[in-house]
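Engineer:
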Amino acid sequence: MRLHSLEVTAFGPYRDHQVVDFDELGADGLFLLHGDTGAGKTTLLDAVAFALYGSVPGARGQVKRLRCDTAAADVATTVVLELTVQGQRLRLERSPEYERPKKRGDGFTTQQAKASLTWVDGAPTEYPPEGLTRIDEVARTVQRLLGMTVEQFFQVVMLPQGEFARFLRSDTAEREQLLEKLFGTQRFGEVERWFVERRRERGREVEAQTQQVRELLARVSQVSGVAHESDVDDQSWLEDIEKTAVRELEGAQVEQSRLRRDRESAEAALAERRELADKVRRVRQANATLAEIGEKQAEHDAWRAEREAAHRAVPVLAAHRAVRRAEQERDKASAEVVAAATRCGLDAETPLEDLRTRAGARREEAGALAHLVPEAQQQETDRRRATELAEQITRDEQREAKLLEQQTALPERITTAREQVEEAKHAELRLESVQSRGTEVAALLNAARELPAAQQALSTATSSAQQAVDAHQQARDLLQDLRARRLAGMAAELATRLATGDPCPVCGSAEHPAPAEPIDDPVRAEDEEKAQLDEQQAHARREKAAVEAQRAQQKVDGLVERLGDRTESELAAELEELRAERAALRSAAEQLPQRTNGLAELEASTERLAEQLSQLRTGLATARSEHTTLLSTVEERELRLREARGDFPSIADRRAHLLDVAAQLEQLVAARTARDDAARRLAEQQEALAEAATSAGFDDPAAALAAERSEERLTQLAEALAEVEERAAGARAALASAELVGVDGTAEVGLEEATEAATVAREAAERAVALAHRAEQRQRDIAQLAERLRGAWVELGPALAEHAELEALADVVNGRGQNARKMSLRAYVLAARLEEVAVAATRRLQRMSGGRYSFVHSDAAGARGTRGGLGLDVLDDYSGKIRPAKTLSGGESFLASLSLALGLADVVAAETGGALLDTLFIDEGFGTLDADTLDLVMDTLDDLRAGGRVVGLVSHVEEMRQRIGVRLRVRKSREGSTLELQT
1 MRLHSLEVTA FGPYRDHQVV DFDELGADGL FLLHGDTGAG KTTLLDAVAF ALYGSVPGAR
61 GQVKRLRCDT AAADVATTVV LELTVQGQRL RLERSPEYER PKKRGDGFTT QQAKASLTWV
121 DGAPTEYPPE GLTRIDEVAR TVQRLLGMTV EQFFQVVMLP QGEFARFLRS DTAEREQLLE
181 KLFGTQRFGE VERWFVERRR ERGREVEAQT QQVRELLARV SQVSGVAHES DVDDQSWLED
241 IEKTAVRELE GAQVEQSRLR RDRESAEAAL AERRELADKV RRVRQANATL AEIGEKQAEH
301 DAWRAEREAA HRAVPVLAAH RAVRRAEQER DKASAEVVAA ATRCGLDAET PLEDLRTRAG
361 ARREEAGALA HLVPEAQQQE TDRRRATELA EQITRDEQRE AKLLEQQTAL PERITTAREQ
421 VEEAKHAELR LESVQSRGTE VAALLNAARE LPAAQQALST ATSSAQQAVD AHQQARDLLQ
481 DLRARRLAGM AAELATRLAT GDPCPVCGSA EHPAPAEPID DPVRAEDEEK AQLDEQQAHA
541 RREKAAVEAQ RAQQKVDGLV ERLGDRTESE LAAELEELRA ERAALRSAAE QLPQRTNGLA
601 ELEASTERLA EQLSQLRTGL ATARSEHTTL LSTVEERELR LREARGDFPS IADRRAHLLD
661 VAAQLEQLVA ARTARDDAAR RLAEQQEALA EAATSAGFDD PAAALAAERS EERLTQLAEA
721 LAEVEERAAG ARAALASAEL VGVDGTAEVG LEEATEAATV AREAAERAVA LAHRAEQRQR
781 DIAQLAERLR GAWVELGPAL AEHAELEALA DVVNGRGQNA RKMSLRAYVL AARLEEVAVA
841 ATRRLQRMSG GRYSFVHSDA AGARGTRGGL GLDVLDDYSG KIRPAKTLSG GESFLASLSL
901 ALGLADVVAA ETGGALLDTL FIDEGFGTLD ADTLDLVMDT LDDLRAGGRV VGLVSHVEEM
961 RQRIGVRLRV RKSREGSTLE LQT
């Protein structure tokens with residue numbers, strides 16, 4: 001990986017656009033990045049890391065505050081990095097997430113993070129030529145090309161500030177976490193967990209198999225009824241149980257065969273006795289049936305006579321029913337005659353001719369009134385129409401009065417509507433100016449309310465600025481005093497080394513006329529550096545306080561200038577008046593369309609009212625004329641209809657009454673005729689009834705009616721007689737059959753004794769069958785369980801051996817059991833990597849320490865039995881003893897930390913593909929080294945840039961500026977930090 005250029009805008013302390021040309025800066029292979037404290041040296045390295053991975057190293061990455069606080073709101077925070085990696089030149093551009101002011105309204109909005117990757121010399125075949133714009137795609141592509149994670153990059157390429165000694169002084173647990181992240185040995189931890197989990201799974205399986213064996217043994221014991229004894233061999237115990245079960249089965253089968261033969265003999269004897277008993281029973285039953293039928297012969301003859309008489313009475317019953325119907329018809333006709341005579345108000349026996357004459361007269365009178373019915377209906381229609389016309393004339397006259405009233409008031413309403421329209425138009429024109437004035441007054445009111453707080457802030461800022469000036473002056477005076485005292489002390493120190501005749505190391509003179517005298521309380525370089533740092537910090541606080549005071553003064557001046565001589569109460573009252581006026585004007589302006597439409601409607605209603613009045617008056621005249629004509633016609637027709645109506649409400653009512661009377665008289669005539677016909681038919685049916693009784697052989701109809709039987713009774717008689725005949729025939733046939741010939745119905749069979757003997761034999765045989773079945777089932781169950789048990793023993797043996805082997809291997813992998821080092825697999829791998837790091841770091845440490853120190857890797861266990869394997873000590877060649885790295889001095893710790901960091905970088909680079917690492921940054925001070933040691937460190941750094949590698953150093957040491965020709969200086973100011981290339 002080689003960097004070409006870096007561009008930052010509004011990033012960290014860099015407010016404006018700044019560019020770093022790494023091709024020019026790294027032409028010599030080694031360059032220095034220096035500047036004032038807080039100017040932004042480390043921020044440039046953060047920018048490189050952010051462009052590649054979207055994050056920065058150390059605690060700064062946890063704050064997530066990368067935007068410059070003094071950048072303009074419309075300037076976006078961006079970092080652009082151009083580099084070559086694996087032969088591909090690409091351009092990365094990123095913007096972090098930050099808060100910016102809203103473009104509309106107050107407050108802030110979140111500017112989302114962005115990332116893009118552009119191929120400068122053409123994209124690889126597997127990537128799109130237009131580049132990448134998704135953050136996740138850019139991250140995956142960068143990590144694949146670099147071949148390392150962000151943690152590896154910070155440890156290998158960009159050695160972060162303050163992190164050198166952390167790995168050197170860390171304990172085993174911290175060192176293990178860092179090495180695991182750098183070398184990706186999580187897979188070995190997964191192997192350890194795999195072995196533990198596999199052992200646990202196999203243990204559960206073995207336990208399940210063992211439990212299955214125990215359950216099978218218990219089941220065999222339960223089935224056989226023999227308790228399992230722990231001191232007896234399981235195999236022998238099982239064989240004994242199997243042999244016993246076979247012997248018991250054979251004995252049960254022999255006893256079952258003997259009892260089965262006894263049962264078959266008893267059942268055969270019982271079958272013979274049952275057959276004889278059935279024949280005797282059938283003979284006895286046939287004789288009893290014939291005797292019973294003979295005893296009831298008289299009753300059976302009476303049933304036959306009753307059935308024959310009922311059959312002869314059937315024709316007589318039909319004639320009797322015809323007589324009853326004729327009587328009912330006669331009685332009904334007589335009742336109808338009485339009812340019709342009552343309705344007519346006449347005697348029921350009035351002559352028929354008289355009744356017919358009266359009915360004809362009523363119909364003739366009704367016919368004479370028929371032609372007057374339509375005229376009476378027309379009379380009612382005309383009366384309703386006259387009433388409707390009268391009501392219509394009244395309504396039209398009222399409407400005419402209202403229209404006249406509206407027509408009279410219309411001019412005044414039109415004038416008022418025009419004035420309202422003009423008022424709304426004026427309000428619409430004035431509303432905009434009132435709203436604009438209201439916005440101005442509201443802004444001034446806010447300014448008036450901000451003024452007291454701004455004045456208080458100004459007072460506080462002015463006081464803080466004065467205090468910062470005093471503090472800076474005191475720090476400056478102290479620095480000047482310490483420098484003067486140190487210069488005096490240095491002169492005295494040089495004077496003590498002068499010898500007569502030797503040249504002075506300062507002026508070169510061999511004469512020393514006035515050597516400086518030693519002073520009390522000499523000043524060390526550390527004291528001067530601390531005082532200088534305190535003075536710089538006080539100066540920074542002074543400038544920051546002055547800026548804040550100036551901003552506070554500008555804010556107060558701006559507020560006072562805007563307000564003039566107006567107070568907050570005056571502005572509030574004016575704003576309230578403007579709001580009330582704005583509400584009234586808005587209400588009037590909003591009514592302009594409604595008022596305009598109303599005016600148009602009133603102007604259009606003038607002609608509409610005139611037209612309505614004309615139409616109304618024409619219709620009114622027509623209605624009045626029609627009403628007068630109808631009244632004359634109705635009066636003339638009423639004279640004719642009153643005479644024809646008589647005492648009835650209407651002519652139709654009178655005509656309906658005449659027709660009803662005629663219909664009633666005709667109904668009486670019809671009823672009289674029907675009654676006479678019914679009496680004649682009754683006499684005819686009575687004669688037919690007497691003839692039918694005589695023909696059927698009965699003395700009179702009453703005797704025939706007495707012989708009548710219901711269908712249910714006749715069915716009972718037929719079924720009873722048929723049953724008697726069937727029983728008699730069956731009994732005679734049974735006695736005549738061949739199998740019952742010679743059978744004595746009085747003989748004793750002895751069936752109970754045979755039945756009891758068969759029952760005893762059957763129960764004994766069934767018990768033998770049950771015992772044999774249980775013995776067979778027990779033998780079968782024992783055989784099956786024995787087979788399963790032997791199969792379980794066969795499977796359990798290898799499983800126990802495999803589990804024991806797996807358990808021992810899992811203990812070894814996890815640092816227990818036969819593992820003599822007590823190191824897990826992951827710790828063993830990390831220890832091997834750490835040993836490689838120690839070897840690589842020792843080469844540089846020996847060179848930088850003049851061959852005195854070298855790293856020693858220790859795999860011993862930690863204190864109080866803690867896990868070891870990752871120990872790192874230092875061998876002192878002067879004493880020949882190994883001692884902890886924590887005992888090194890400050891300068892020695894820096895050399896050891898730098899060597900260890902470079903060695904760690906070499907090993908990680910080799911792990912991930914070291915040919916890619918053409919650029920290395922070291923962000924650490926070198927102030928703790930003396931001149932000779934610094935020469936050794938510089939020689940080591942010169943070796944690092946061999947082969948085209950570029951090394952960038954970040955340091956405050958003045959001597960580094962003299963040794964390194966290419967420098968990038970960072971200058972800080974109120975307007976943001978800037979960059980300057982020095983060669």
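In my numbering, the protein residues as written are 1 to 983. Quick reminder that beta carbons are idealized off the backbone N, C-alpha and C, glycines included.
1. What is the rounded straight-line gap between the Cα of Ser849 and the Cα of Glu975?
2. Determine whether the beta carbon atoms of Val337 and Arg672 lie at a separation below 9 Å.
3. Under the three-state reduction of DSSP, which class applies to Val80: helix, strand or coil?
4. Distance check for Arg969 and His4, CA to CA, integer angstroms please.
5. Could you tell me whether the Cβ atoms of Glu82 and Leu6 are closer together than 9 Å?
6. Hey, how far is the Cα of Pro701 from the Cα of Asp677?
7. Where does the unbroken beta strand (DSSP E) through Gln111 begin, and where does it stop?
8. Taking just the CA atoms, how far does Glu577 sit from Ser587?
9. Mind checking if Glu836 is an interface residue toward chain D, Cβ cutoff 9 Å exclusive?
10. Do Ala424 and Leu563 have their C-beta atoms within less than 9 Å of each other?
11. Along the chain, where does the alpha helix (DSSP H) that runs through Thr244 open and close?
12. Is it the case that the segment 777–795 contacts the segment 268–279, given that we only count it when at least three CB pairs across the two stretches are under 8 Å?
13. Could you pull the start and end residues of the alpha helix (DSSP H) that Ser41 belongs to?
14. Mind checking which residues open and close the alpha helix (DSSP H) that includes Phe188?
15. Evaluate the contact criterion for the segment 636–651 versus the segment 339–358: three or more CB pairs, one atom per stretch, below 8 Å.
16. With a cut-off of 8 Å on the beta carbons, I'd call Leu90 and Ser116 a contact; round off their distance for me.
17. Give me the residue from Ala49, Leu809, Gln846 with the minimum Cα distance to Trp194.
18. What span of residues does the beta strand (DSSP E) with Arg544 cover, start to end?
19. Please determine, among Arg617, Thr387, Leu249, the residue with the shortest C-alpha to C-alpha distance to Ala772.
20. Could you check if Val246 is buried or exposed, using at least 16 other CB atoms within 10 Å of its CB as the buried criterion?
21. Could you pull the DSSP bridge partners for Asp873 from this structure?
22. Measuring CB to CB, does Arg363 end up less than 9 Å from Leu658?
23. Can you grab the Cα-Cα spacing for the pair Leu751 / Ala269, in whole Å?
24. Give the range of the beta strand (DSSP E) segment to which Arg971 is assigned.
25. Please name the residue, chosen from Pro452, Val743, Gln398, Glu719, that lies closest to Leu613 on a Cα-to-Cα basis.
26. With contact counted as at least three CB pairs below 8 Å, one residue from each stretch, are the segment 129–149 and the segment 83–102 in contact?
27. Spatial neighbours of Leu979 within its chain, please: CB distance less than 7 Å, with the 5 preceding and 5 following residues excluded, ordered by chain position.
28. Report the three-state DSSP secondary structure of Phe11 (helix, strand or coil).
29. Straight-line CA distance for Ala73 to Ala113?
30. Just list the alpha helix (DSSP H) runs in the segment 756–818, keeping only unbroken ones of 4 residues or longer that don't cross its boundaries, in chain order.
31. Looking only at its own chain, which residues have a Cβ that is under 7 Å from the Cβ of Leu721, when we skip the five neighbours before and after it?
32. Using the Cα positions of Ala728 and Val760, report the straight-line distance between them to the nearest angstrom.
33. Specify the secondary structure class of Gly914 as computed by DSSP and reduced to three states.
34. Return the bridge partner residues of Phe31 from the DSSP annotation.
35. Within a Cβ cutoff of 8 Å, which residues of the same chain sit near Lys544, ignoring the five residues on either side of it in sequence?
36. Inspect the beta-carbon positions of Ala704 and Ala688 and report whether they are closer than 9 Å.
Structural biologist: The relevant details are as follows:
1. Going by the C-alpha atoms only, they are around 44 Å apart.
2. In terms of Cβ geometry, Val337 and Arg672 form a close pair [threshold 9 Å].
3. Taken through DSSP and simplified to helix, strand or coil, Val80 comes out as strand.
4. C-alpha separation (whole angstroms): 18 Å.
5. Going by C-beta atoms, Glu82 is nearer than 9 Å to Leu6.
6. Roughly 25 Å separates the two Cα atoms.
7. Looking at the DSSP string, the run of the beta strand (DSSP E) that includes Gln111 is 108–111.
8. Taken atom to atom, the span from the alpha-carbon of Ser587 to that of Glu577 is near 16 Å.
9. Looking at the structure shown, chain D is missing, and only one protein chain is on hand.
10. Going by C-beta atoms, Ala424 is not nearer than 9 Å to Leu563.
11. Here the alpha helix (DSSP H) through Thr244 covers 234–295.
12. The count of Cβ pairs closer than 8 Å, one atom from the segment 268–279 and one from the segment 777–795, stays below three, leaving the stretches out of contact.
13. The amino acid occupying residue 41 in the given sequence is Lys; Ser does not appear at that position. That run of the alpha helix (DSSP H) goes 41–53.
14. Looking at the DSSP string, the run of the alpha helix (DSSP H) that includes Phe188 is 186–224.
15. When Cβ pairs closer than 8 Å are counted between the two stretches, the segment 636–651 is seen not to touch the segment 339–358, the count staying below three.
16. Rounded, the Cβ-Cβ distance is 10 Å, inconsistent with contact.
17. It is Leu809 whose Cα lies nearest to the Cα of Trp194.
18. The sequence as given places Lys at residue 544; Arg does not occur at that position. Careful: Lys544 lies outside any beta strand (DSSP E), inside the alpha helix (DSSP H) at 525–563.
19. Closest by C-alpha distance to Ala772, out of Arg617, Thr387, Leu249, is Leu249.
20. When all chains shown are included, Val246 counts as exposed.
21. In the DSSP assignment, Asp873 forms a beta bridge with Val856, Pro884.
22. In contact: Arg363 and Leu658 (Cβ atoms closer than 9 Å).
23. Rounded to the nearest angstrom, the two C-alpha atoms are 10 Å apart.
24. Residue range 967–971 is occupied by the beta strand (DSSP E) that includes Arg971.
25. The shortest CA-to-CA distance from Leu613 to any of Pro452, Val743, Gln398, Glu719 is the one to Gln398.
26. Result yes; three or more Cβ-Cβ pairs closer than 8 Å.
27. Counting only Cβ-Cβ distances below 7 Å, and skipping sequence neighbours, we find Gln18, Val20, Leu968, Val970.
28. Reduced to three states, the DSSP call for Phe11 is strand.
29. In a straight line, the C-alpha of Ala73 is about 16 Å away from that of Ala113.
30. Within the segment 756–818, no complete alpha helix (DSSP H) run reaches 4 residues.
31. Exclusion of the five residues before and after Leu721 leaves His300, Trp303, Arg304 as the residues of its chain whose Cβ lies within less than 7 Å of its Cβ.
32. Roughly 42 Å between the two C-alpha positions.
33. Interpretation of Gly914 is limited by its pLDDT of 43, a score under 50 that renders its predicted location unreliable; the figure taken from the coordinates is listed afterwards. The answer is helix: DSSP assigns Gly914 an H, G or I state.
34. Looking at the DSSP assignment, Phe31 forms a beta bridge with Gly952.
35. Excluding positions up to five away in sequence, the list reads Ala468.
36. Using a Cβ distance threshold of 9 Å, Ala704 and Ala688 do not count as a contacting pair.
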